[in-house]
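Beneath this line is the structure, given in structure tokens, with notes to follow.
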Amino acid sequence: MKDIILCNGDTVMFDPAFGPAIVTMTGPVKITGSGLATIGGKNICVMGDHLTVSGDCTYINGAFTTPGTGKLTIVSLLPPQMLPTISAGNKPMMVKGQKFIALFTRLSPAINPAGPSPVPDPTPMLPGNGMFMPSQFQVMGG
0 MKDIILCNGD TVMFDPAFGP AIVTMTGPVK ITGSGLATIG GKNICVMGDH LTVSGDCTYI
60 NGAFTTPGTG KLTIVSLLPP QMLPTISAGN KPMMVKGQKF IALFTRLSPA INPAGPSPVP
120 DPTPMLPGNG MFMPSQFQVM GG
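In terms of numbering that gives the first Met the number 0, the sequence shown opens at residue 0 and continues consecutively.
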């Protein structure tokens, strides 16, 4: 099935729900394409480029309502997001696809302010999802 090829600078969006936690991205997250081929002067994204994506966020988790901070990363792509039969420099090209698997990693804990003393959130990591938002819509692969 044909899908839009991802390019350098395309936006990465993470779903707000990571298990019971709600994350809020603190700024835009972009993917850096390292493929040799270009579309509109931008390098295409190839397998492995997703591993360099990282975004800062704040989060809350249930009763832990004073926000903490964390980092969002892409753990793995799902098969429709890779085109193994079409490669650039012997690496499969990446396409928009549907959702990818992401990971929230806590940097500083959210706090439950209720009670006599604040309690930090003990959750170190949570799985979630995200998707790519391409900047071009003309060139497709598949």
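Ideal Cβ placement from N, Cα and C applies to all residues, glycine included. Owing to the predicted nature of the structure, the values given are computational and were not obtained by experimental measurement.
(message) Our contact map puts Gly39 next to Met92 with C-beta atoms below 8 Å; I'd like the distance itself, whole angstroms only.
(response) So it is not a contact: roughly 15 Å between Cβ atoms.
(request) Evaluate Thr23 with the Cβ neighbour count: other Cβ atoms within 10 Å of its Cβ, from every protein chain shown; 16 or more gives buried, anything less gives exposed. (result) exposed
(message) Rounding to the nearest angstrom, what Cα-Cα distance links Phe99 and Pro121 in this structure?
(response) 26 Å
(request) With DSSP collapsed to three states, give me the class of Asp120. (result) coil
(request) Measure the alpha-carbon distance for Ile3 versus Pro117 and round it to whole angstroms. (result) 47 Å
(request) Kindly confirm or deny that the segment 24–39 and the segment 95–113 touch, where touching means at least three C-beta pairs closer than 8 Å. (result) no
(request) Take Gly114 and list the residues in its own chain whose beta-carbon comes closer than 8 Å to its own, dropping the five residues that flank it on each side. (result) none
(request) Classify Ile133 as helix, strand or coil using the three-state DSSP reduction. (result) The amino acid occupying residue 133 in the given sequence is Pro; Ile does not appear at that position. Note: Pro133 maps to coil in three-state DSSP.
(request) Would you kindly check if the distance between the Cβ of Thr57 and the Cβ of Gly69 is under 9 Å? (result) yes
(request) Can you check DSSP and say which residues form a bridge with Gly39? (result) None, per the DSSP bridge assignment.
(request) Return the residue from the list Cys6, Pro19 and Phe136 that minimises the CA-CA distance to Thr64. (result) Pro19
(request) Round the Cβ separation of Val74 and Gly54 to the nearest angstrom and send it over; I've been treating them as touching at under 8 Å. (result) The pair is not a contact, with the Cβ atoms about 13 Å apart (cut-off 8 Å).
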